[in-house]
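Residue numbers (full-length UniProt numbering), protein chains in the order written: chain D, 1 to 193; chain P, 1 to 193.
Shown next, in structure tokens, is the structure this report addresses.
Number of protein chains: 2
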Amino acid sequence: MSTKGTAERIIDAALQLVSEKGYTAATTKAIAELAGVNEVTIFRHFGNKRGILKAIIEQFSYFPLLQQEINKNVTWDLETDLLNFSVKHFNFLMSIKDFVMIGFKEAMQFPEINEEIANIPLHIKNELIHYFQEMYERGKIREIDFEAAALSFIAVNFGHFMSRARLGTIVSNMPAEELLKTSVSIFSRGLTP
Amino acid sequence: MSTKGTAERIIDAALQLVSEKGYTAATTKAIAELAGVNEVTIFRHFGNKRGILKAIIEQFSYFPLLQQEINKNVTWDLETDLLNFSVKHFNFLMSIKDFVMIGFKEAMQFPEINEEIANIPLHIKNELIHYFQEMYERGKIREIDFEAAALSFIAVNFGHFMSRARLGTIVSNMPAEELLKTSVSIFSRGLTP
DNA sequence: CTAGCATGTAAGTAATTACTTGCATGAAAG
DNA sequence: CTTTCATGCAAGTAATTACTTACATGCTAG
């Protein structure tokens, strides 16, 4: 196995264990075991335990952040655009689910994570506000507080994500896509003049 | 100080520390210190560390769960009812914020918490579905998947709560009430025939 | 006044944890 | 073939952690 492979496996194991049990409860011994690596190898690669999380945070800092997804593929049909965006937002969150969970657990010990995570809705909010403004000028949505509308739309998607990621099908076993379709339908009608 | 006072202070301290740092990182020594109590007192009251969390979970199990809040004070005006409910839902979540955070951190170690927490949206979902059905029969909302609509409405409120509880004003410094008002406005128009 | 009960104090223990050091091994690269 | 480098293995260490035991103290109810 190459060097890169080893470090990667350690990071993956840490990502999983820390997201499940939290930083303190995820012992270096357990991480090493799950990675199929000797415990000392961890310290040779990352210096100390915090080093693993530093590496994880760095890895996600360079994540493409769902870039311009909403500016691309815009049809200027409200429902189409919102659905397209909603699905992408949801899938993006699902793809970094472990990282988000770590963010929720270790905000105290690793404040950098919180900033990274807060960046996501912040970025999306701005994109959405932009989109809403343009749509308003085109006369396709009613007069409304664009920021509040954007935040609300983000909140639905995030809420659906959290429900699925954390509670699975306990609350509902509806397919996620159908849920998103309904919330988008409500939103697009709610925003139409 | 009375016995009840001591146990209560220990529970409060544990609630705070565990919600901040997680179960493993919240040491009995630190909990005792914050509670202004000797460490042994913890074990005399709760047997072992898990005992404290068992007590916390029990305490919240008997929590009134926002009961019938939506069935009470119903005006059968969609926007009025939704706003009233949204505010109550939001404030309820804020009032048990620490418990919710513990639920997110310690789902693995304390599966009971997850069930407790999942009960909240589950209960609310049923109430909302009921309300939507009645409103539909009164011809006040359009034909739509009531479950998906209920889940979406819960998701917005929860999303707003999470944003505020976890990220504070990083994403937006709009007052929460204004945010809720906008999302309710969108929803009620989105559901109206 | 006294008996009981909750708590504080002191001291200790077994287990675990993050981390270190020294040495062996095996594969790849020059 | 030999050097280098990543890794495994064995052993150990200092600190911390949950938890125990024994005894002292003070408040309160009868």
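Every residue gets a Cβ at the ideal spot worked out from N, C-alpha and C, and that includes glycine.
*asked:* Taking 9 Å as the threshold (C-beta atoms), are residue 171 of chain D and residue 122 of chain P in contact?
replied: Contact flag set, yes.
*Along the alpha helix (DSSP H) that carries residue 52 of chain D, what are the first and last residues, could you check?*
Residue range 49 to 61 is occupied by the alpha helix (DSSP H) that includes residue 52 of chain D.
*Under three-state DSSP, which class holds residue 77 of chain D?*
Reduced to three states, the DSSP call for residue 77 of chain D is coil.
*asked:* Short of 8 Å Cβ to Cβ, which residues in the stretch 143 to 159 of chain P face chain D?
replied: Residues passing the 8 Å Cβ filter: 144, 145, 147, 148, 149, 151, 152, 154, 155, 156, 157, 158, 159.
*Is any beta-carbon of chain D found at less than 9 Å from that of residue 114 of chain P?*
Chain D contact via Cβ: present.
*asked:* With a threshold of 9 Å between beta-carbons, can residue 109 of chain P be considered close to chain D, or not?
replied: Yes, because at least one Cβ of chain D sits closer than 9 Å to the Cβ of residue 109 of chain P.
*Same chain only: Cβ atoms within 6 Å of residue 156 of chain P, ignoring 5 sequence neighbours per side*: Cβ contact annotation for residue 156 of chain P (same chain, cutoff 6 Å, sequence separation greater than five): 183, in chain order.
_Would residue 199 of chain P and residue 125 of chain P be called neighbours here (beta carbons separated by less than 9 Å)?_
Summary: the structure shown does not reach residue 199 of chain P, with chain P confined to residues 1 through 193, and so no result is reported for it.
*With a cut-off of 8 Å on the beta carbons, I'd call residue 162 of chain P and residue 158 of chain D a contact; round off their distance for me.*
Right, their Cβ atoms sit about 7 Å apart.
*Are residue 24 of chain P and residue 25 of chain D closer than 9 Å when you measure CB to CB?*
Yes; because the gap between Cβ atoms is below 9 Å, this pair is in contact.
*For residue 95 of chain P, collect the residues of the same chain with a Cβ closer than 6 Å to its Cβ; drop the 5 residues on either side in sequence, then sort them by chain order.*
Closer than 6 Å at Cβ, skipping near neighbours: no residue.
*Does residue 171 of chain P have its Cβ less than 9 Å from a Cβ in chain D?*
The beta-carbon of residue 171 of chain P is placed less than 9 Å from the nearest beta-carbon of chain D.
*Pick out whichever of D:140, D:88, D:150, D:91 has its Cα sitting closest to the Cα of residue 192 of chain D.*
Residue nearest to residue 192 of chain D within the set D:140, D:88, D:150, D:91 is D:140 (criterion: CA-CA distance).
*Would residue 164 of chain P be called buried (16 or more neighbouring beta carbons within 10 Å of its own) or exposed?*
It is buried - the Cβ of residue 164 of chain P has at least 16 other Cβ atoms within 10 Å.
*Beta-carbon neighbours of residue 24 of chain D, restricted to chain P and to distances below 8 Å*: Taking a Cβ-Cβ cut-off of 8 Å, the neighbours of residue 24 of chain D in chain P comprise 21, 22, 24, 25, given in sequence order.
*Option nearest residue 167 of chain P by Cα separation, candidates D:178, D:132, D:111, D:18*: Residue D:111 is the option with its Cα nearest to residue 167 of chain P.
*Any residues in the UniProt domain "HTH tetR-type" (4 to 64) of chain D with a beta carbon nearer than 7 Å to a beta carbon of chain P? Which ones, in chain order?*
Flagged, chain order: 20, 21, 22, 24, 25.
_I'd like to know if residue 93 of chain D contacts chain P, where contact means its C-beta is closer than 9 Å to some C-beta of that chain._
Interface with chain P (9 Å Cβ-Cβ cutoff): residue 93 of chain D is excluded.
*Show which residues of chain P have a CB atom less than 8 Å away from the CB atom of residue 139 of chain D.*
Those within 8 Å of residue 139 of chain D in chain P number zero; the least Cβ separation is about 17 Å.
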